[in-house]
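So that you can map any letter, position 4 of the sequence shown is 3 in numbering that gives the first Met the number 0, and since no number is skipped, the others follow by simple counting.
Where is the CB? At the ideal position from N, CA and C, for every residue including glycine.
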Amino acid sequence: MRSFLCDRAKKLQPSGIRKYFDIVETMPDAISLGVGEPDFVTPWDIRSAGIRSLQRGYTQYTSNRGLKELRELISRYLQVRFQVDYSPEQTIVTVGASEGIDLVLRAVCEVGDEILLPDPAYVSYSPIVSLCGGVPVSVQCTAENGFILTPEALERVITPKTKAVVLAYPNNPTGGIMTKTELEAIVPVIEKHDLLVISDEIYSELTYGAQHCSVATLRGMKERTVLLGGFSKAFAMTGWRIGYVCAPTEIDKAILKIHQYTMLCAPRMSQHAAVAALAGGIEDGFASVENMRREYDKRRRYLVKSFNDLGLSCFEPRGAFYVFPSVEVTGLTGDEFAGKLLEEEHVAVVPGDAFGECGKYHVRCSYATGMEQLTEAVERIARFVKRHGENVPQARK
């Protein structure tokens, strides 16, 4: 019998993030620094709202766009917190920001369109571009320039087929951010080549020492920007699967049609929980978010210092909850380092090349886990580096 799979599905590679985690489940003493999921429980007032919605029998579909109350709150939240002005009528509630990424790429990608992606960046972008018939094009970002997109790097890869650029800041896996000045520097390139901007701002609440700036606030950019956001990271709501897309009217209408046919609507109880997450904290700030950010900051500083002390050069992240140390001095690639570390010390990290070729000699470590586990993980990594790090000065001490 012939194969019924399409070529796109055949060529699709499994997620690099998940590569080692079947093995982790067989190791009772394993420590995972892999999956980017907050170790905090969803705050009680949010959980309670979800429970109450079920108790009251709110188990039906909502409108395709999502609950009006939630869309109004998202619009006000973006305006107050980040000075971004999208109306509730330009907002669609999605099943996580991940659905939003899929929707916008389906809406804009013609076969052969080139979509520029920061390298390294979140693992889903490139496969989804390919599934939509587009061509993912990497834009090299390095620790030396803070893992940001620069005008020069963009110009080097733009062709007549280039249609859009993905901005993924704060960045997963590097923790890099782009300041207003850095964003302003790439705007002329975007306008010159008439590009769409797909701005994934899922980590916008998790920055350290700098306020997040959305590209949509810059002059002339809102009209060519699709903004993606969600509740998973800042509100510890990963399993609730609730996000949103804000887009210019023409793109918004196309996204809504695709959402109608593929997902219909986000879960109603999750939408009620999201209402509770935003209600009451927009003007005064969110205490639970601030508490998490303070704890992440402590862990961030601990891991950066620990890796640098081990001789593994580590860029200091300014957002999200990941560190992205270089392991090149050990003579191992990130993939080799991760495999051996899991086998020998039962610590799971993600090889950097899962996020793009520029991550070949890096690994990603999530600090969305407790300090006790992080401390033990660092001790195990130190033993590992001492065994394998003949070229690392600190490791020989």
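Candidates the options, of which the one nearest residue i by Cα
| i | options | result |
| --- | --- | --- |
| R105 | C140, V214, A253 | A253 |
| V326 | E282, P350, A319 | P350 |
| E200 | G388, G358, A319 | A319 |
| V69 | A376, G330, V244 | As written in the sequence, residue 69 is Leu, which differs from the Val given in the question. L69 has its Cα closest to that of V244, out of A376, G330, V244. |
| P119 | Y57, S198, A347, H361 | H361 |
| V34 | G355, K232, G242 | K232 |
| L182 | Y295, G219, G310 | G219 |
| P324 | G49, D334, N307 | N307 |
| L227 | S198, T248, K221, L255 | S198 |
| K359 | Y202, G330, S365, H345 | G330 |
| W43 | F234, E190, C212, R1 | F234 |
| V107 | L255, A286, R382, M268 | L255 |
| V384 | S312, S365, G242, A353 | S312 |
| E378 | R80, Q12, E343 | E343 |
| F336 | D296, S47, K10, G388 | G388 |
| Q309 | R267, I257, A381 | Residue 309 is actually Leu in this sequence, not Gln. For L309, the nearest C-alpha among the options comes from A381. |
| I257 | L102, V122, P247 | L102 |
| A152 | G175, Y124, I185, T93 | I185 |
| M26 | S365, A347, A367 | A347 |
| R399 | L340, A353, F354, I157 | The requested residue 399 does not occur in the structure, where the chain is confined to residues 0 to 396. |
| C357 | I91, H211, F146 | F146 |
| G238 | G333, I45, K9, S305 | I45 |
| Y121 | E282, S14, R299 | S14 |
| T61 | L302, L263, I22, G99 | L263 |
| V188 | P150, F354, L130, G280 | P150 |
| P247 | G280, A376, I91 | I91 |
| K10 | S129, H345, F20 | S129 |
| G284 | S74, K160, Q259, E204 | E204 |
| K160 | D112, G133, H192, T58 | D112 |
| E190 | Q210, T180, G175, K221 | K221 |
| L302 | R1, R64, A367 | A367 |
| S47 | K297, M236, F354 | M236 |
| D21 | E315, G338, F354 | G338 |
| A353 | A376, V328, S125 | S125 |
| D334 | I16, R1, A8 | I16 |
| G280 | E315, Y321, Y295, R80 | R80 |
Rounded Cβ spacing between residue i and residue j (contact assumed at less than 8 Å)
| i | j | result |
| --- | --- | --- |
| L148 | P169 | Their Cβ separation, rounded to whole angstroms, is 13 Å, which puts L148 and P169 out of contact at 8 Å. |
| S66 | A278 | Note that residue 66 is Leu in the sequence shown here, rather than Ser. With 8 Å as the limit, L66 and A278 do not qualify as a contact, their Cβ atoms being about 12 Å apart. |
| T216 | Q82 | 5 Å |
| R317 | Y207 | 6 Å |
| R223 | V196 | 6 Å |
| K162 | I114 | 6 Å |
| F230 | A286 | Their Cβ separation, rounded to whole angstroms, is 16 Å, which puts F230 and A286 out of contact at 8 Å. |
| L194 | V164 | 5 Å |
| I100 | S123 | 6 Å |
| R240 | G95 | 5 Å |
| T178 | C212 | 6 Å |
| S305 | L32 | Rounded, the Cβ-Cβ distance is 12 Å, inconsistent with contact. |
| R363 | P172 | 4 Å |
Residue(s) in a DSSP beta bridge with residue i
| i | result |
| --- | --- |
| Y321 | S365 |
| E113 | V134, T161 |
| Q372 | DSSP, once it has assigned bridges, lists no residue as partnering Q372. |
| G228 | Y243 |
| L166 | S198 |
| P350 | V362 |
| D118 | Q139 |
| I30 | V346 |
| T90 | C245 |
| T206 | G318 |
Next item on the list: Flag this pair as touching only if the segment 73-89 and the segment 137-146 have three or more C-beta atom pairs under 8 Å; answer yes or no.
Entry: The segment 73-89 vs the segment 137-146: no contact.
Note to self: Please give the ranges of any beta strand (DSSP E) in the segment 233-297, keeping only runs that are unbroken, at least 3 residues long and fully inside the region.
What the structure shows: Entirely contained in the segment 233-297, the beta strand (DSSP E) runs reaching 3 residues are, in chain order, 242-245.
Notebook entry, point to check: Counting pairs of beta carbons, one from the segment 25-45 and one from the segment 364-380, are three or more of them closer than 8 Å?
Noted result: At 8 Å Cβ cutoff, the stretches touch.
Margin query: Can you confirm whether the segment 287-294 touches the segment 140-160 when touching is taken to mean that 3 or more C-beta pairs between the two stretches lie within less than 8 Å?
Written below: Because the criterion of three Cβ pairs below 8 Å is not met, the segment 140-160 and the segment 287-294 do not touch.
Next item on the list: Could you tell me whether the segment 268-277 touches the segment 48-57, using the rule of 3 or more Cβ pairs below 8 Å?
Entry: When C-beta atoms of the segment 268-277 are compared with those of the segment 48-57, three or more pairs fall below 8 Å, so the two segments count as touching.
Next item on the list: At 4 residues or longer, and completely inside the segment 26-80: list those alpha helix (DSSP H) runs for me, N to C.
Entry: Within the segment 26-80, the runs of alpha helix (DSSP H) that reach at least 4 residues and sit entirely inside it are, in chain order, 43-54.
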